[in-house]
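Structure record follows, encoded as structure tokens.
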Amino acid sequence: DAGVTQSPTHLIKTRGQQVTLRCSPISGHKSVSWYQQVLGQGPQFIFQYYEKEERGRGNFPDRFSARQFPNYSSELNVNALLLGDSALYLCASSPTGGRQPQHFGDGTRLSIL
Amino acid sequence: GNSVTQMEGPVTLSEEAFLTINCTYTATGYPSLFWYVQYPGEGLQLLLKATKADDKGSNKGFEATYRKETTSFHLEKGSVQVSDSAVYFCALSDPNGQNFVFGPGTRLSVLP
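These protein sequences, in sequence, are chains H and F. Each residue of the first sequence is one higher than the one before, counting from 116 in the numbering used here. Each residue of the second sequence is one higher than the one before, counting from 31 in the numbering used here.
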């Protein structure tokens with residue numbers, strides 16, 4: 116079975132632009148979470164979605180938004196990009212979210228120039 | 031708020047040495063606790079987990095015990111191999127399951 120897949124793998128943007136990152140969960144998983152991982156640090160929780168509803172939100176500005184589709188795939192949108200948004204963005208899925216272990220994709224590397 | 035603290039790395043050991051990576055947490059209630067591993071060039075993988083006090087998670091020779099009294103979840107392995115070289119992350123899921131918190135990671139290098 117395919118694992119969590121993310122696209123694109125790499126992305127280069129400039130300050131002020133907007134970006135959309137995509138994630139497909141493991142088949143049968145209904146919960147998707149998004150994380151930001153800055154080089155040399157642990158992942159920081161951004162959002163968790165379950166059955167298309169936002170279940171949890173980390174300490175990120177409103178420039179960050181996400182949604183989950185009926186097929187359980189998800190998009191993360193970031194508006195008005197800043198240099199500090201440069202990071203690896205990870206998507207993770209689990210059957211029903213909550214306290215279950217997360218299964219991670221390989222991430223999208225976002226570079227802001 | 032919830033937080034996870036890990037021992038600073040990098041940690042360098044010789045093959046067959048004993049490994050301990052300390053992890054302590056701050057959380058209200060009873061979180062679930064996890065260790066994730068990131069091998070060079072690969073994504074994050076779940077290594078082991080524990081969901082309640084005194085639970086012991088184990089996998090691939092690694093063990094960690096959920097200690098409520100000391101709010102700790104230290105990772106141990108009796109004899110490390112070169113293939114264990116990776117970055118190890120301690121993490122928790124809050125009791126409501128609405129937030130995952132990761133520690134900063136500890137880089138382990140095992141020399142032959």
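Glycine included, C-beta positions come from ideal geometry on N, C-alpha and C. Keep in mind the model is a prediction, meaning the values are calculated, not measured.
Subject >> Per DSSP, the bridge partner or partners of Q121/H >> reply: C138/H
Original post:
Based on the DSSP output, what are the partners of A207/H in its beta bridges?
Top reply: Beta-bridge pairing links A207/H to S148/H and F219/H.
Subject >> Bridge-paired residues (DSSP) for T95/F >> reply: In the DSSP output, where bridge partners are listed per residue, T95/F has K86/F.
Original post:
So Y164/H is in the beta strand (DSSP E); what residue range does that whole segment cover?
Top reply: Note, Y164/H: beta strand (DSSP E), Q159 to Y165.
Original post:
Do you know offhand how far L78/F's Cα is from V193/H's?
Top reply: 32 Å
Original post:
Using a Cβ-Cβ cut-off of 6 Å (strictly less than) and excluding sequence neighbours within five positions of G39/F, which residues of its own chain qualify?
Top reply: T136 and R137
Original post:
Could you give the residue range of the beta strand (DSSP E) that holds S139/F?
Top reply: T136 to L141
Original post:
From P210/H to G133/F, what does the alpha carbon distance come to, in whole angstroms?
Top reply: 24 Å
Subject >> Identified DSSP bridge partners for T81/F >> reply: Answer by DSSP bridge pairing: none, since T81/F is not bridged.
Original post:
With burial defined as no fewer than 16 other Cβ atoms inside 10 Å of the residue's Cβ, what is the status of V131/F: buried or exposed?
Top reply: buried
Original post:
For S123/F, which option in L197/H, F175/H, Q159/H and L203/H has the closest C-alpha, if you only look at C-alpha atoms?
Top reply: Of the listed residues, the one whose Cα sits closest to S123/F is Q159/H.
Original post:
Comparing the C-beta of F103/F with each C-beta of chain H, is any distance below 8 Å?
Top reply: So, not an interface residue.
Subject >> N-terminal and C-terminal residue of the beta strand (DSSP E) that G171/H is part of >> reply: E168 to R172
**OP:** Tell me where the beta strand (DSSP E) around R182/H begins and ends.
**Re:** Where R182/H is concerned, the enclosing beta strand (DSSP E) stretches over F179 to Q183.
Original post:
Straight-line CA distance for V140/F to L76/F?
Top reply: 20 Å
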